[in-house]
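For the sequence shown, full-length UniProt numbering gives the first residue as 1, with consecutive numbering after it.
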Amino acid sequence: MADKRFFGTKTFPNQEKALKAKIMNNDAFISWIEKNLGHRPKDPALFLRAMTHPSHGNSDYQRLEFLGDRVLGLVIANWLYDLFPREPEGKLSRRLNSLVSGASCASIARIVGLPQWLRLGKQARDDGAAASDNVLGDVMEAMIGAIFLESGIEAAGKLIHKYWAPLVTGQESAPKHPKSALQEWAAAHNRRPPVYEIVSRTGPQHNPCFTIQVSIAGVGEASAEGSSKQEAQTAAAQALLDILAQ
């Protein structure tokens, strides 16, 4: 179990009491966690918080997502280090970046059925947050963070190995970064380099959402979202590569 001296969460008694009251009798939610994530919650409120978007209230998933992101990165990095003993750091990094990307985390979130339990504010729900890779990826990492807090790295690692295995074994070679791959495609086809433009920036300062459009003149364009410009550019480049591959 994680040592609470180092990994404890800041609690707000009134908020925690209200959260627990809402879900202590929600057998369906607890059963879903146990069946799909392989973990029986000791503190259901912790997992409800992992499902709560900032638009819904004060007690949201952001701190848990911060923790889960690091746990996921460590587990995947150690996995790749053991699995590919001859690969240099650069190739391992490309594998890692692909496996911990928002799109990869969101794909796992959909597999385990996470969207049905999301707690969103009305505006966020109306804006389609329940289908957003950015949101789903963050919440998946928050759930990993919650499991780590309750049962430690072994339990979190078991979940990660179960659901990320097809992604890890599906990488026949270290993937190229989408932006580099798109740049190379343009050069190979005698086209101008890709152009990236910010379409919009929404959300609060602490939780922004960028929409980036990438285009290659005379070829096509694609847009994607991300919690940073770099993440959105990467997702947009991958989206355009997917179009070009059709």
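Every residue, glycine too, gets a C-beta built ideally from N, C-alpha and C.
Secondary structure of residue i, DSSP reduced to three states
i                : result
phenylalanine 84 : coil
glutamine 171    : coil
glutamine 213    : strand
arginine 192     : coil
glycine 145      : helix
phenylalanine 12 : The pLDDT assigned to phenylalanine 12 is 46, lower than 50, so where the model puts this residue is not dependable; a value taken from the coordinates is nonetheless given after this. The answer is coil: DSSP assigns phenylalanine 12 none of H, G, I, E or B.
Whole-number beta carbon distance between residue j and residue i, since they are thought to touch under 8 Å
i              : j              : result
alanine 109    : glycine 73     : About 17 Å separates the two Cβ atoms, so there is no contact after all.
glycine 102    : serine 55      : That belief does not hold up - the Cβ atoms of glycine 102 and serine 55 are roughly 18 Å apart, past 8 Å.
glutamate 225  : alanine 232    : 6 Å
glycine 145    : glycine 68     : 3 Å
isoleucine 216 : valine 199     : Not quite, the Cβ-Cβ distance comes to about 16 Å (not below 8 Å), so this is no contact.
proline 178    : alanine 237    : 4 Å
alanine 106    : methionine 140 : 7 Å
valine 100     : glycine 157    : About 14 Å; that fails the 8 Å criterion.
Buried or exposed by the 16-neighbour rule on C-beta atoms within 10 Å, applied to residue i
i                 : result
phenylalanine 148 : buried
asparagine 134    : buried
asparagine 78     : exposed
residue 256       : Nothing can be reported for residue 256: it is not among the residues displayed for the chain, which extend from 1 to 246.
alanine 239       : buried
serine 59         : buried
alanine 187       : exposed
alanine 245       : exposed
Among the options, the one whose alpha carbon lies nearest that of residue i
i             : options                          : result
serine 227    : Glu65, Glu34 and Asn58           : Glu65
arginine 192  : Ile198, Ser200, Leu92 and Gln183 : Gln183
serine 31     : Pro85, Asn190, Ser93 and Leu114  : Leu114
alanine 165   : Pro194, Glu197 and Leu83         : Leu83
glutamate 150 : Glu34, Pro41 and Asn26           : Pro41
Beta-bridge pairing of residue i - partner residues as DSSP gives them
i             : result
threonine 52  : Arg119
glycine 220   : Ile216
glutamate 231 : Bridge partners of glutamate 231: none, in fact.
serine 200    : Thr211
glycine 226   : Phe210
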